[in-house]
Amino acid sequence: MADITMARLHEAMVILYAVSLVFYFIDYLYKEKKASRIAMTLLGIVWALQTIFLGLYIFETQRFPILTLFEGIYFYAWLLVTLSIVLRMFYRFDFAVFFINVIGFIFMTIHTFAPVQIERSPVGETLVSELLFIHISFAILSYVAFSLSFVFAALHMILYRMLKKKKWTKQWANLPSLGQTQQFMTISILVGISLLFVSLVLGLQWAYISLSEFSLLDMKIVGSFILLVVYSFILWWHRKGSLNGMNYALAHVYAFLLLLINFFLGSRLSEFHFWY
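Per this note's numbering, the very first residue in the sequence shown carries number 129; after that it's consecutive.
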């Protein structure tokens, strides 16, 4: 029972860390105070849990936990979380804090779902299956966010043409404005990019643990990374001011078509992402 509880708490830490990354990403790009507070709160919970587990481990083993690679990874992840909190609270180095947390999240995931952790735990198979569940959940949530960006892109294009042709009627009165559709497109891909990144980290960890052989050149993996890069470039160009209005909406539409190709065709061509 204690092993199951510990496993659940470590899984909860990974999920909280992942969600905090989403809010840190939003805060980093748009300086949203509410997003910053949520991110700091979630990261504070993660740090508190890590510190408690670290203290219990030191008390149990009567030594500092840095003698093995497994222990070193956990201590390294804890140091990164601590450092990011200090930098955020006292120096406001937002860029550094965001990327420190990306690295910390990766190492926290490696520690939680590391092969040595799975082998030593009587709930190892459960951990592996739940890692897969979390990976798929974050992937689906990212697809939902990208779908939402596509919907607002389509609305933006419809509204633009209606206004240009001066065919505005009362039926369109409850629709958002052009500015609002562009804003919602941006928020949607912000969330989608963050969730997809987290999903890819968790998915690669699952594949490393569960599969005797797997290739990074698998069609679904390659397609997902291409999707991440494409959406990231769209966001980057928009932030630079090079992509706005109809061109911005069209970019969302084309990216969503790429998402559909990866979702259906990538699954069929993948060696281990089976589609039934």
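Heads up, the beta-carbon is just placed ideally off N, CA and C, and yes, glycines get one too.
Rounded distance between the beta-carbons of residue j and residue i, thought under 8 Å
| i | j | result |
| --- | --- | --- |
| Leu259 | Leu330 | 6 Å |
| Leu356 | Leu324 | 5 Å |
| Thr237 | Val142 | 6 Å |
| Ser327 | Ala267 | 4 Å |
| Leu144 | Leu170 | 5 Å |
| Ile321 | Ser360 | 6 Å |
| Leu269 | Thr309 | Actually they are not in contact, since the Cβ atoms of Leu269 and Thr309 sit about 21 Å apart, beyond 8 Å. |
| Met168 | Arg216 | 6 Å |
| Ala379 | Leu385 | 11 Å between Cβ atoms; not a contact. |
| Ile186 | Phe192 | 6 Å |
| Tyr376 | Met285 | No, Tyr376 and Met285 are not in contact; Cβ-Cβ is about 10 Å, not under 8 Å. |
| Trp334 | His263 | 6 Å |
| Leu182 | Trp206 | 6 Å |
Where the alpha helix (DSSP H) containing residue i begins and where it ends
| i | result |
| --- | --- |
| Phe353 | Met347 to Lys368 |
| Gln311 | Leu306 to Ser338 |
| Phe181 | Lys161 to Thr189 |
Cβ neighbour criterion (16 or more within 10 Å) applied to residue i
| i | result |
| --- | --- |
| Met129 | Low confidence applies here, because Met129 scores a pLDDT of 42, under 50, leaving its location unreliable; read the following figure in that light. Exposed, because fewer than 16 other Cβ atoms sit within 10 Å of the Cβ of Met129. |
| Phe235 | buried |
| Ala146 | buried |
| Gly232 | buried |
| Ala140 | exposed |
| Tyr404 | Unreliable placement is indicated for Tyr404, whose pLDDT of 37 sits below 50; the coordinate value is still reported in the next sentence. By the 10 Å Cβ count, Tyr404 comes out exposed. |
| Lys292 | exposed |
| Gln190 | exposed |
| Leu287 | buried |
| Ser148 | buried |
| Val214 | exposed |
| His138 | buried |
| Ala176 | exposed |
| Ser305 | exposed |
| Phe218 | exposed |
| Phe280 | buried |
| Arg161 | Reading the sequence as shown, one finds Lys at residue 161 and not Arg. Lys161 is exposed by the Cβ-count criterion. |
| Val244 | In this prediction, Val244 scores a pLDDT of 48, lower than 50, which makes its location untrustworthy; the coordinate-derived value is nonetheless stated afterwards. Val244 should be labelled exposed. |
| Phe402 | The pLDDT assigned to Phe402 is 45, lower than 50, so where the model puts this residue is not dependable; a value taken from the coordinates is nonetheless given after this. It counts as exposed. |
| Thr179 | exposed |
| Phe278 | buried |
| Asn229 | buried |
| Ser349 | Residue identity check: residue 349 is Ile in the sequence provided, not Ser. Buried, since its Cβ has 16 or more Cβ neighbours within 10 Å. |
| Ile389 | exposed |
| Leu208 | buried |
Short CB-CB distance (under 8 Å) between residue i and chain B
| i | result |
| --- | --- |
| Ile154 | Absent from the structure: chain B. Only one protein chain is present. |
Determine, using beta-carbon pairs with one atom in the region 360-374 and one in the region 314-322, whether at least three such pairs fall under 8 Å. yes
Does the region 153-167 come into contact with the region 264-276, if we say contact requires no fewer than three beta-carbon pairs (one atom in each stretch) closer than 8 Å? no
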